[in-house]
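Notes to accompany the following structure.
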Amino acid sequence: MVDVALRGGSLVGDQVVSRSKALQRLRLMDTVFRWMTKLSAIAVLLLLSGVIIALVEGSMMALRAFGFSFLLSEHWNPVTDEFGAIAPIYGTIVTSFIAMLIAVPIGLMIAFFLTELCPMFLRRPIGIAIELLAGIPSIIYGIWGLFVFAPFLQQTLQPFLIATFGSIPLLSSLFAGPPYGIGVLTASLILAIMVLPFITSISRDVFEAVPPVLKEAAYGLGCTKWEVFRKVVLPFTRVGVIGGVMLGLGRALGETMAVTFVIGNAHRISASVLAPGTTISATIANEFAEAVGDMYTSALIALGLILFFITFTVLAIARYLLLRVERRIG
Amino acid sequence: MNSLYAARRRRNNLVTFLSLAATAVGLGWLVLILGALLWQGLAGLSFAVFTEMTPPPGSAGGLLNAIVGSLIMTFLAVLVGTPVGILAGTYMAEYGRHDRLTSVVRFINDILLSAPSIVIGLFIYEVMVVPMGHFSAMAGAVALAVIVLPVVVRTTEDMLLLVPDTQREAAAALGTPRAVIIRKVCYKAAQTGMITGVLLAVARISGETAPLLFTSLNNQFWSTNLNAPMANLPVVIFQFALSPYADWQKLAWAGALLITLSVLALSIAARALAGSRKQS
C-alpha cells in the first residue's frame, strides 16, 4: 500500500526500510502538512486582525488629541497640527454616491442586455470586454481622467451644466462655480466607469441563475421582455443585485489613484459638484509620503482607519447578501 | 385594449434601446481609454524607455529602473503570497471543508479581496517601514504579497472543490496518505485553475500604486537593494503624470501603456488557460 506513495522515496536503494518506520514517517508528514495548511488559513485571519490593530495603534495619537471632534471638524491644517476628517469623509461618500447613481442603472441595463437580448455568439465577447474594464489598473483611469477626460468635461459638460441649471434656484448651487475640469463630478464619473463592470458581472451572474421555467411561464402569459425582467427576474434576484451593488460601492469608497488624479485635493466641503474636493483615500495618497510630524501621520492613519471601517461594513453586508443568494441557489 | 398593447410594446422597445445604449456606453469607455492610451503611449514609447534610467526633470530618459523594480517586487510578492495562499486554500477545500474556521476564513478572505489597497499600504507602513526606519523595496513587496494572498486563496479553494471526490477516494483506496493525495492527485487536477489564479493575482498587483506609495516609495536611480527604496512603474507614473514637465508626462504615458498591455496580456492568458481546461 504505502509503497505506492513511496515510489521514488526511501524504498529505492539497497537499504531496507522497515514498513512500520515508513508508515510513521508518512504519518508525520501528513500531520505536518495538515498543520501547515491550517496555520496558513489562520494567517489569513491574523492578517485582517493585524491590519485593524496596526491602524488603531497608528491613529491612537490623533484620536486621543482630537477625540470625537476629529470626525466633525473641517479644519485640516498641518502647520498648526489641527486635523478634522469631515471634508474627506464627505467627499468619499458624495463621490461614491454619485458614481453609484450613474453606474447602477447602466450596469443593470447591460446585464439585462447580456442575459435577455444579446445574440448568443456576442454574449461572451461583450462580457469579456466589460470585464476587461475591471482589469485596467486604477492609475490608468487616473492618467486618462487627468489628461483626456477632465479637459473634455471642462469644455463640454460642465459649461452646459452651468448654463442650463444656473438660473434654477436649488440646482444652481449644485452646479456653481467655474468649470475647472477636475473636481467632485469628474471623480464621480471616473468612479462610475470603474465600478460598472463589477455591477454588470455580478448582476449578470445572478440573472442567469433565475430558473428558466419562471421566465418561460411569464412569457407564456404574453409578457414582453422588459415585463419579464421587471416583474420576474428583478424581484427574484433582488438580494443578489443589492449584494453586487454593495460590492461595487465598497470598491468606489476605497478607490484611490483614479480619484487622486482628478479630484483636486481641496480640504473643504462645497455644495457644488464642480468644485474640487477630496476623499479619504486621495488625502492619504497625496499627503502621506510628505507628512512631517507624528501628529500629521497619525491623523492620516486615523483617516485610513475610518475608511477601513466604512468599507468593511459595506463589504461585509455585500458578502452576507451574496452568501444568502448562493445558499438559495445551491 | 389595443392602445394598452401598443403602450407595452413601446415601453419594451424603449427599454431595449436603452439597454443597447448602456452596452454601447460601457464598450465605448473601453475603446476610448485604450485608444487614448495607445495614441499617447505609442508616441512616448521608444527604445530609450527600455534602456535608460528615469531622468531628472527637463531631460530625456527611460524607465529601465522602474520596469526592473516593478518586476523584482512583483516576483517577490508572488513568491511570498502564493505558497501561503495555496496552503490556506488547501486547508479550506480539503481538511476543513465543513469547519467553522473555513467559513470564517472565507468571509475574511473575501473582505481582504476587496479591501482598499491604500489601507494595506498603511498597514505595511506601520508594521515594516516604521520599525525599520526607512522605506524599502522589501516593504513594497510584502504589501503586494498581502494583495496576492486573498486572490490565490480564493482560486485555490474554488479549483480544489471542483476536483471530484471519487478521485480522492480512488487514491485513498490504494492506501495513499492524505497529504500525498492532495499533492499528487488534487493539485494535479486543479493545476491549470491554480495557475490561472496566480496569473490573475499578478495582473492585479502589476498596476497597484496605492500600497507602494509609502512602502517602497520611489528611487530615481538604479537600485536592486531590497533594503532601500526602489523605483517602480506605478509610482513613477503617478509622480511623472502630475508633474508640469512634458518629458515626464510623455514617459508616464509610455509607462501606462506598458502596464496596461501587460495586465491585458496576463488576463487574456488566464482566460485562455481557464478555457482550455473546460474543453479538455
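Chains A and B are the protein sequences, given in the same order. So the first sequence is numbered by our numbering: it starts at 125 and just counts up by one. So the second sequence is numbered by our numbering: it starts at -1 and just counts up by one. From the three backbone atoms N, C-alpha and C, an ideal C-beta is built for every residue, glycine too.
A residue is called buried once 16 or more other Cβ atoms fall within 10 Å of its Cβ, and residue 391/A is buried on that count. For the pair of segments examined, the stretch 253 to 271 of chain B was found not to touch the stretch 206 to 220 of chain B: the number of CB pairs separated by less than 8 Å stays below three. For residue 176/B, the residues of chain A that pass the 9 Å Cβ criterion are 154, 157, 158, in the order they occur in the chain. Residues 316 of the same chain have their beta carbon placed closer than 6 Å to that of residue 226/A, with the five preceding and five following residues left out of the count. Under DSSP, residue 206/A takes part in a beta bridge, and its partners are 201/A. Distance from the CA atom of residue 281/A to the CA atom of residue 309/A, rounded to whole angstroms, is 10 Å. Contact note: residue 242/B does not reach chain A at a C-beta cutoff of 9 Å; the least C-beta distance is about 12 Å. Judged by their CB atoms, residue 183/B and residue 166/B are nearer to each other than the 9 Å cut-off.
Shown here, residue 242/A sits in coil according to DSSP, grouped into three states, outside any helix or strand. Counting only runs that start and end inside the stretch 375 to 442 of chain A, the alpha helix (DSSP H) elements of at least 4 residues fall at 381 to 386, 404 to 411. Assignment of residue 146/B by DSSP, reduced to helix, strand and coil, places it in the helix class.
Under the 9 Å criterion on CB atoms, residue 142/A is classed as non-interfacial with respect to chain B. If only uninterrupted alpha helix (DSSP H) runs of at least 4 residues are considered, those enclosed by the stretch 288 to 374 of chain A are 293 to 298, 308 to 332, 336 to 344, 349 to 352.
Note on geometry: alpha-carbon atoms of residue 302/A and residue 274/A lie some 13 Å from one another. A direct Cα-Cα distance of roughly 37 Å separates residue 342/A from residue 104/B. What residue 181/A touches in chain B, judged by beta-carbon distance under 8 Å, is 124, going in chain order. Put simply, of 213/A, 204/A, 299/A the residue whose alpha carbon is nearest the alpha carbon of residue 196/A is 213/A. At a C-beta separation below 7 Å, residue 350/A has these neighbours in chain B: 9, 10, 13.
Taking 8 Å as the cut-off between beta carbons, the residues of the stretch 95 to 112 of chain B near chain A are 99, 100, 102, 103, 105, 106, 107, 108, 109, 110, 112, in sequence order. Counting C-beta pairs closer than 8 Å gives three or more between the stretch 246 to 263 of chain B and the stretch 41 to 49 of chain B, which meets the contact rule. At a cut-off of 9 Å between C-beta atoms, residue 247/B counts as an interface residue with respect to chain A. With respect to the C-alpha of residue 339/A, the residue from 326/A, 359/A, 186/A having the closest C-alpha is 359/A. At a C-beta separation below 8 Å, residue 205/B has these neighbours in chain A: 260, 261, 262, 263, 264.
For residue 107/B, the secondary structure class from DSSP, reduced to helix, strand or coil, is helix. Here DSSP, grouped into helix, strand and coil, assigns residue 97/B to coil. Residue 262/A sits in a helix when the DSSP states are folded into three classes.
Under the three-state reduction of DSSP, residue 207/B is assigned to coil, being neither helix nor strand. With respect to residue 85/B, residue 155/A sits apart: the two C-beta atoms are not nearer than 9 Å.
Take residue 67/B, set aside five residues on each side of it, and the residues of its chain with a beta-carbon closer than 6 Å to its own are 228, 229, 230, in chain order.
In the three-state reduction of the DSSP assignment, residue 226/B falls in the coil class, being assigned neither a helical nor a strand state. With a threshold of 9 Å between beta carbons, residue 341/A makes no contact with chain B. Cβ neighbours of residue 175/A within its own chain (closer than 8 Å, five residues either side excluded): 432. The count of Cβ pairs closer than 8 Å, one atom from the stretch 330 to 337 of chain A and one from the stretch 394 to 412 of chain A, stays below three, leaving the stretches out of contact. Boundaries of the alpha helix (DSSP H) harbouring residue 71/B: 62 to 88, taken from the DSSP string. Residue 219/B is outside the set of residues whose beta carbon lies under 9 Å from a beta carbon in chain A. Among the residues facing chain A, residue 20/B is included, as its CB has a counterpart in that chain under 9 Å away.
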